[in-house]
Amino acid sequence: MISTVSDFEGFKKACTAKQFSDIKYLTESVAFYQQAGNPELAKRIQVRINNVKKANQQKKAKQQQNVEKVYQDWLNGFSTEEQNQPDLLEQGLDQLKQQSPPAAELASKKIAALRLLPQVQTKSQQASSKQTNTPNAKPSEPKGQAASAKAGSPFDKLPKPLRSYFVLLVLIPSLLFALYQLFWATERYESEAQVLVKEPDSTTTMDATMAALSGLGVTNTAGTDPQILESYIFSNDMINYLDETIDLRQHFSDTNIDVFSRVHDDDSRETFAKYYEDHVKVEIDEASGILRIFAQGFDPDYAQTLAQTIVKRSEWYINSISHQLAEAQLAFIRKESVEVEDKLSQAQSTLLNFQQKYNLLDPTAEGTAKQQITYGLEGQISAKEAELKSYQSIMTDSAPRVVALQNELNALREQLLKERNKLAQDGDKTIPVSEIMAQFTDLKVKNELALQAYTSAQVSLEKARIETYRQIKYLVVVEAPTLPDSHRYPDVVYNITLFTLLAAMLYGIGRIILATIRELK
């Protein structure tokens, strides 16, 4: 306090006498010190502003009194008859101007009024004579009386203060509404809760390979979750649940509540739903996604219970839809995986049966081996033929060496023929090795394709599990439902002010419309 006084004294010394009495300068100083972080000095300067305004008003009032006193003294200098003679008064006006110009202005107005008085009296006499000479003429109504107030109407029976349409259409309704707001309207309490729809951070529960596989980093549609939850809060399912759990309709239709604020027994479900929307509000922070839930009740405990039940049911709803969606996705992927696994098993069984049927582990490898045997026999035959020719050039055909080579050559040719025409037996039927190799290759390709499809299905299943985990949402209670200490509604001052302003505006618009209609007539 001492610091504020010293600061104000310093401010006073820094100002000139004119500045210290200048309201504009002082107002700018208040704004400056508020921004400078010295609100106490700003308040003290504001007190100085109020004192200056009060002093100025007193000064103006005193000056006005002095002007009226000078004017009255000047007027008293004339006799009663002279006071009604404008020419005589105008002769003394110059002296009054030198003494007090404001008093001279008052005197000039009186002189002007005296000069117009004969003209007004003449017009009044002419109007009276016309009214007297007109047959069946109606007596003129007093000035200020409403033209629509006819003799003998119920409007005439009211006391004079109540005959004004402004009083009847604006003041009386506003007074009745104010009495209702002050003494009859039931108080409403409001509980507030804040919730947030969250998703688990799956990057902390998997390695880099699975994170890349699951496609993390792709923007999701979590921004729509608050709007979905808001729609559910105002849905008929939520209203029915609240009615079954905490007797919502019974609370709002209690007979202790005033007739304008409660729900009536004959109100429809649609009317009750609209009433519920008026007493439960939801606000969404677009930046953070936080939902602020405001629940009203006619006692503080029920308002808190209503907010708690809405939050609890909202949590159940978020968990329910998340798990339903996850189960549906996983069920579809599992079904596809089982079908692919069956195809792989069937392809493997077909290949195994084929191998067992022909007693061949790998027909391709065995065919290659037989081809190498054939090539070897052909090489041996070529070598023996060359050796036979060399011996035949020096020996007779009956020579033992020539005969032996001829026998070996025949045996090799017979073996080559057998190897070339070697057949795979299938009962009484014979199938060439080339056809067996073609069938084996086809079965092997089908088996490899089935294996690739199975591998892809397993990868998709694992990815679906990860994605499902990411999509499972849960509700975080940022602020638990509060227990209100005092009522929030009705806002008496606001409601009364708004009602009065609206009534006055409608009254003014009506007057303008009626005046326009009269002008057109």
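Its first residue numbered 1, the sequence shown is counted upward by one per residue in UniProt numbering. Glycine residues also receive a C-beta, built at the ideal position from the N, C-alpha and C atoms. None of these values were measured; they are calculated from a predicted model.
inquiry  = Applying the 10 Å Cβ sphere with the 16-neighbour rule, what's the burial state of D225?
reply    = Along the sequence shown, one-based indexing puts residue 225 at 225. Within 10 angstroms of the beta-carbon of D225 lie 16 or more other beta-carbons, which makes it buried.
If you follow the beta strand (DSSP E) that R292 is part of, which residue opens it and which one closes it?
As a first step, residue 292 is located in the sequence shown; it is residue number 292 there, counting from the start. L291 to G297 is the span of the beta strand (DSSP E), which, as asked, contains R292.
Out of L451, R401, E378 and F440, which has the shortest C-alpha to C-alpha gap to L416? Working through the sequence shown from its first residue, we reach residue 416 at position 416. Taking only the C-alpha atoms, the option nearest L416 is E378.
(Q) Assuming I318 and L475 are in contact, meaning their beta carbons sit under 8 angstroms apart, how far apart are those beta carbons, in whole angstroms? (A) Within the sequence shown, numbered from 1, the residue matching residue 318 stands at position 318. Within the sequence shown, numbered from 1, the residue matching residue 475 stands at position 475. Contact between I318 and L475 holds: CB atoms are separated by about 5 angstroms, below the 8 angstroms threshold.
inquiry  = In this structure, how does DSSP classify T408 when only helix, strand and coil are distinguished?
reply    = The sequence position of residue 408 within the sequence shown is 408, counting from 1. Position check: residue 408 holds Glu in this sequence, whereas Thr was assumed. The answer is helix: DSSP assigns E408 an H, G or I state.
Could you check what DSSP says for residue 532 in three-state terms: helix, strand or coil? In the structure displayed, the chain extends from 1 to 521; residue 532 sits before or after that span and is not available.
query: Taking only beta-carbon atoms, is L75 less than 8 angstroms away from chain C?
result: In the structure shown, chain C does not exist; there is a single protein chain.
task = For the segment 310-383, list the alpha helix (DSSP H) runs that are entirely contained and at least 4 residues long, ordered along the chain.
result = Counting only runs of 4+ residues, no alpha helix (DSSP H) is found wholly inside the segment 310-383.
| task | Reducing DSSP to helix, strand and coil, say where V197 ends up. | result | Residue numbering aside, residue 197 sits at position 197 when the sequence shown is read from its first letter. In the three-state reduction of the DSSP assignment, V197 falls in the strand class, which pools E and B.
How would you write the range of the alpha helix (DSSP H) that K43 sits in, first residue to last? As a first step, residue 43 must be located in the sequence shown, where it is residue number 43. Judged by DSSP secondary structure, K43 falls within the alpha helix (DSSP H) whose first and last residues are P39 to N76.
Would DSSP call S29 helix, strand or coil?
Start at 1 with the first residue of the sequence shown, and residue 29 comes out as number 29. Helix at S29.
- Query: From A113 to L175, what distance separates their C-alpha atoms?
  - Reply: Within the sequence shown, residue 113 is the residue found at index 113, counting from 1. Within the sequence shown, residue 175 is the residue found at index 175, counting from 1. If I take the Cα positions, the gap works out to 42 angstroms.
*When the Cα atoms are used, what is the spatial distance from R401 to N410?*
The residue you call residue 401 lines up with position 401 of the sequence shown. The residue you call residue 410 lines up with position 410 of the sequence shown. Taking the straight line joining both Cα atoms gives about 14 angstroms.
**Message:** Distance check for G77 and residue 531, CA to CA, integer angstroms please.
**Reply:** As shown, the chain starts at 1 and ends at 521. That puts residue 531 outside it, with no answer to give.
- Query: Leaving out the 5 sequence neighbours to the left and right, which residues in its chain are closer than 6 angstroms to I45 when beta-carbon positions are compared?
  - Reply: Numbered from its first residue, the sequence shown carries residue 45 at position 45. The beta carbon of I45 sits closer than 6 angstroms to the beta carbons of L26, S29 and V30 from its chain, once the five residues preceding and following it are set aside; these are given in chain order.
S253 (DSSP reduced to helix, strand or coil): Along the sequence shown, read from residue 1 onward, the residue named residue 253 stands at position 253. Coil.
Practice problem: Indicate whether V189 and R465 have their beta-carbon atoms separated by less than 8 angstroms. | Solution: On the sequence shown, residue 189 is found 189 positions in, with the first residue counted as 1. On the sequence shown, residue 465 is found 465 positions in, with the first residue counted as 1. Strictly speaking, residue 189 in this sequence is Tyr, with Val absent from that position. No, they are not a contact pair.
Legend entry - E192 classed as buried or exposed, judged by whether at least 16 other C-beta atoms fall within 10 angstroms: For the purposes of this step, residue 192 is identified with residue 192 of the sequence shown, where counting begins at 1. E192 comes out buried.
### Distance between S261 and I509 (C-alpha atoms, nearest Å)
Counting from one through the sequence shown, the residue named residue 509 turns up at place 509. Counting from one through the sequence shown, the residue named residue 261 turns up at place 261. Those two C-alpha atoms are separated by around 30 angstroms.
Q | Endpoints, the alpha helix (DSSP H) within which K97 is located | A | The residue you call residue 97 lines up with position 97 of the sequence shown. L93 to Q99 is the extent of the alpha helix (DSSP H) around K97.
> What are the partner residues of K281, as DSSP defines its beta bridges?
Replying inline: In the sequence shown, the residue the question calls residue 281 occupies position 281. According to DSSP, K281 bridges with F294.
- request: Measure from the alpha carbon of V478 to the alpha carbon of each residue in Y375, F332 and R292, then state which is nearest.
  value: Here residue 478 refers to the residue found at position 478 of the sequence shown. Minimum Cα distance to V478 is reached at R292.
Would you call M505 buried or exposed, if buried means 16 or more other Cβ atoms sit within 10 Å of its Cβ?
As a position in the sequence shown, residue 505 is number 505, starting the count at 1. The residue is exposed, with fewer than 16 neighbouring Cβ atoms inside 10 Å.
(message) Quick check for students: name the residue ranges of the beta strand (DSSP E) that lie wholly in the segment 437-482, counting only runs of 3 or more.
(response) Runs of the beta strand (DSSP E) inside the segment 437-482: 474-479.
Note to self: What does the Cβ neighbour count give for R518, buried or exposed, with the cut at 16 atoms within 10 Å?
What the structure shows: Within the sequence shown, residue 518 is the residue found at index 518, counting from 1. Exposed.
Rounded distance between the beta-carbons of Q439 and F332, thought under 8 angstroms
Indexing the sequence shown from 1 puts residue 332 at position 332. Indexing the sequence shown from 1 puts residue 439 at position 439. Under the criterion of beta carbons closer than 8 angstroms, F332 and Q439 do not qualify as touching, at roughly 36 angstroms.
query: Can you give the Cα-Cα distance for N240 and V259, rounded to whole angstroms?
result: By one-based count along the sequence shown, residue 240 stands at place 240. By one-based count along the sequence shown, residue 259 stands at place 259. The alpha-carbon atoms of N240 and V259 are separated by roughly 24 angstroms.
**Request:** Alpha carbon to alpha carbon, how far is P490 from Y275? Give it in angstroms, no decimals.
**Result:** Within the sequence shown, residue 275 is the residue found at index 275, counting from 1. Within the sequence shown, residue 490 is the residue found at index 490, counting from 1. Rounded to whole angstroms, the separation of the alpha carbons of P490 and Y275 is 15 angstroms.
> When you compare only the Cα positions, how much space is there between E385 and V403?
Replying inline: In the sequence shown, counting from the first residue as 1, residue 385 sits at position 385. In the sequence shown, counting from the first residue as 1, residue 403 sits at position 403. Rounded to the nearest angstrom, the gap between the Cα atoms of E385 and V403 is 12 angstroms.
Discussion item. Any contact between the segment 95-105 and the segment 65-81? By contact I mean 3 or more CB pairs, one from each, below 8 angstroms.
Written reply: Because the criterion of three Cβ pairs below 8 angstroms is met, the segment 95-105 and the segment 65-81 touch.
Quick check: the Cα distance between L229 and S314, rounded to an integer number of angstroms? Taking the sequence shown and counting its residues from 1, the one referred to as residue 229 is at position 229. Taking the sequence shown and counting its residues from 1, the one referred to as residue 314 is at position 314. So the two alpha carbons sit approximately 7 angstroms from each other.
*asked:* For W316, tell me which candidate among Y232, V459, T455 and A503 has the shortest Cα-Cα distance.
replied: Counted from its first residue, the sequence shown places residue 316 at position 316. For the residues Y232, V459, T455 and A503, the minimum Cα distance to W316 belongs to Y232.
- Query: Would the beta-carbon of T350 fall within 8 angstroms of that of L443?
  - Reply: The sequence position of residue 350 within the sequence shown is 350, counting from 1. The sequence position of residue 443 within the sequence shown is 443, counting from 1. At the C-beta level, T350 and L443 come within 8 angstroms of one another.
Practice item. Whole angstroms is fine: what's the gap from Q181's alpha carbon to A287's? Key: As a position in the sequence shown, residue 181 is number 181, starting the count at 1. As a position in the sequence shown, residue 287 is number 287, starting the count at 1. Distance between Q181 and A287, taken at the CA atoms: about 38 angstroms.
(Q) To the nearest angstrom, how far is the alpha carbon of V280 from that of A273? (A) To locate residue 280, count along the sequence shown from 1; it is residue 280. To locate residue 273, count along the sequence shown from 1; it is residue 273. Distance between the alpha carbons of V280 and A273: 10 angstroms.
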